[in-house]
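K.L.:
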Amino acid sequence: GTSAFLEEPDLPTETAVNVNELRAFYDSIRCKPIPHLKLDCGALIHLEKPMLLADPYLTYPDENKTWKFVLQFHIRGLSVHADFRSEISKTQLIGWTWDLGKSLIKPMLRRVKPSILAQVGLTKQQIGSMTISEISAKLNSTAEGKKLRKALSLKTQDLTSKQLKTMSWELWREEVEPILNDPKRKILTQRKAPEPHEWLKYEGEIPAGAVGATAELEGQFLIMDEGTIEYGAQKSYYHEYFLHGKHLNGRFFVRRLATRPKWQVKQPFAWMTFRGKPMERPYTISKRAVDRSWMPPKGISAIPKEIRQQVPEEYQYWHKPNSKKVRDDLVEAMRNRQVSIKLQRGLRFAVKRVWHKGPEVVRGVPIVRYWIIIHDGKKVLDAW
Numbered sequence: 003g004t005s006a007f008l009e010e011p012d013l014p015t016e017t018a019v020n021v022n023e024l025r026a027f028y029d030s031i032r033c034k035p036i037p038h039l040k041l042d043c044g045a046l047i048h049l050e051k052p053m054l055l056a057d058p059y060l061t062y063p064d065e066n067k068t069w070k071f072v073l074q075f076h077i078r079g080l081s082v083h084a085d086f087r088s089e090i091s092k093t094q095l096i097g098w099t100w101d102l103g104k105s106l107i108k109p110m111l112r113r114v115k116p117s118i119l120a121q122v123g124l125t126k127q128q129i130g131s132m133t134i135s136e137i138s139a140k141l142n143s144t145a146e147g148k149k150l151r152k153a154l155s156l157k158t159q160d161l162t163s164k165q166l167k168t169m170s171w172e173l174w175r176e177e178v179e180p181i182l183n184d185p186k187r188k189i190l191t192q193r194k195a196p197e198p199h200e201w202l203k204y205e206g207e208i209p210a211g212a213v214g215a216t217a218e219l220e221g222q223f224l225i226m227d228e229g230t231i232e233y234g235a236q237k238s239y240y241h242e243y244f245l246h247g248k249h250l251n252g253r254f255f256v257r258r259l260a261t262r263p264k265w266q267v268k269q270p271f272a273w274m275t276f277r278g279k280p281m282e283r284p285y286t287i288s289k290r291a292v293d294r295s296w297m298p299p300k301g302i303s304a305i306p307k308e309i310r311q312q313v314p315e316e317y318q319y320w321h322k323p324n325s326k327k328v329r330d331d332l333v334e335a336m337r338n339r340q341v342s343i344k345l346q347r348g349l350r351f352a353v354k355r356v357w358h359k360g361p362e363v364v365r366g367v368p369i370v371r372y373w374i375i376i377h378d379g380k381k382v383l384d385a386w
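Given below as structure tokens:
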């Protein structure tokens with residue numbers, strides 16, 4: 003049969019379609035429905051393979067399977083950033099580039115002789131208290147500083163894998179951990195193109211001139227963390243992930259925001275990664291999702307397994323035909339405390355006596371000091 007087109011000068015961005023009526027229409031004209039994409043210019047493109055247009059970043063992998071992630075430092079000379087990659091299938095990865103680490107300049111300068119540091123107006127004590135930006139500005143302000151910076155960049159090419167890892171972990175503890183542990187901090191982020199599965203385990207050298215290196219300098223990939231990932235809400239401007247790694251644990255989300263001058267980003271919008279607060283609900287079971295009438299696809303919960311297992315059967319919206327109403331009822335029941343959901347691992351405490359310095363005497367009176375430590379079984383959260 004011939005193709006039939008419903009031509010309108012201005013098509014709405016969203017429309018409600020009665021599937022039964024649409025099927026009856028095509029049956030009446032004895033024509034098979036063929037999906038097309040209408041461009042702004044009015045042209046229609048025949049979609050032989052509509053799935054090719056699907057955005058891999060809006061994918062929800064099977065929630066009954068285990069999916070992995072990796073965080074790698076990508077190093078070129080002194081330059082450092084972090085690449086986050088995660089599985090959406092057993093053949094494909096998605097990923098984000100995080101503006102973390104920034105530079106190996108501080109670890110490298112700590113290994114420079116004091117006499118050479120003095121020539122550029124620096125001391126080892128100053129290096130510890132200065133930011134990477136301040137150190138870079140200091141070096142770039144003099145010819146000797148620029149010369150030292152270039153020499154250190156070339157020196158990274160001679161480092162052994164062990165030396166590079168040692169410096170990378172110094173950088174991680176000093177620059178990265180404070181950001182990852184603070185929900186108030188945000189990470190400038192860029193979306194990566196989908197990549198083959200081989201990148202999930204890649205660690206090693208990239209030859210100069212190849213992708214991932216520069217024309218003169220080799221590139222290096224170091225795995226800084228790896229673990230499993232669960233996918234939360236996935237929207238065109240918002241992506242939520244639940245990570246279970248050694249260093250990356252908990253809820254992280256990436257948002258597309260209007261840029262600000264201090265971010266030094268040329269584009270009008272930028273991606274930013276945030277760490278969720280400990281007691282925040284996953285987006286899907288939040289009041290915000292209810293107010294905006296947002297739902298994940300049918301059969302998808304978009305919440306971690308640990309929370310999914312706590313939801314009473316009558317509120318398991320991902321199994322229900324009227325999923326939105328059931329989800330809304332669940333959120334209301336949680337608000338009214340009719341349903342209790344534990345959002346994070348229970349906290350523990352320990353009391354430790356401080357004795358390594360020996361007895362302490364204040365005004366002739368022996369003093370005993372104790373530390374109260376709050377932890378979750380893996381990580382110390384607070385102490386006083």
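The number in our numbering is simply the position in the sequence shown, starting from 1, with 2 added. Beta carbons: idealized from backbone N, C-alpha and C, even for Gly. Because the structure is a prediction, the values reported are computed rather than measured.
1. Within the chosen definition, does the segment 243-251 reach the segment 70-83 through at least 3 CB pairs nearer than 8 Å?
2. From which residue to which residue does the alpha helix (DSSP H) around TRP171 run?
3. Go ahead and label GLU136 buried or exposed: buried means 16 or more other beta carbons lie within 10 angstroms of its beta carbon, across all protein chains shown.
4. Going by Cα to Cα distance, which pick from ARG187, VAL364, PRO198 is closest to LYS101?
5. How would you label GLN269, buried or exposed, when you count the other beta carbons within 10 angstroms and need 16 or more for buried?
6. Please state whether the Cβ-Cβ distance between VAL122 and GLY103 is less than 7 Å.
7. Give the DSSP bridge partners of LEU345, in chain order.
8. Assign ASP64 to buried or exposed, taking buried as 16 or more other Cβ atoms, counted over all protein chains shown, within 10 Å of its Cβ.
9. Taking ALA139 as part of the alpha helix (DSSP H), name the residues at either end of that continuous run.
10. Taking GLU242 as part of the beta strand (DSSP E), name the residues at either end of that continuous run.
11. State the Cα-Cα distance for the pair THR168 and LEU182, rounded to the nearest angstrom.
12. Touch check for the segment 271-289 and the segment 326-339: three-plus C-beta pairs under 8 Å?
13. Is the segment 184-201 touching the segment 85-92 in the sense that three or more CB pairs, one from each, lie closer than 8 Å?
14. Under the rule that 16 or more other beta-carbon atoms within 10 Å means buried, what is GLN222, buried or exposed?
15. How is GLU65 classed by DSSP in three states: helix, strand or coil?
16. Is the beta carbon of TRP273 sitting closer than 7 Å to the one on ARG258?
P.N.:
In short:
1. yes
2. 163-173
3. exposed
4. Before going on, a small fix: residue 101 reads as Asp here, not Lys. The option with the nearest alpha carbon to ASP101 is ARG187.
5. exposed
6. no
7. Bridge partners of LEU345: none, in fact.
8. exposed
9. 134-142
10. 240-247
11. 20 Å
12. yes
13. yes
14. buried
15. coil
16. yes
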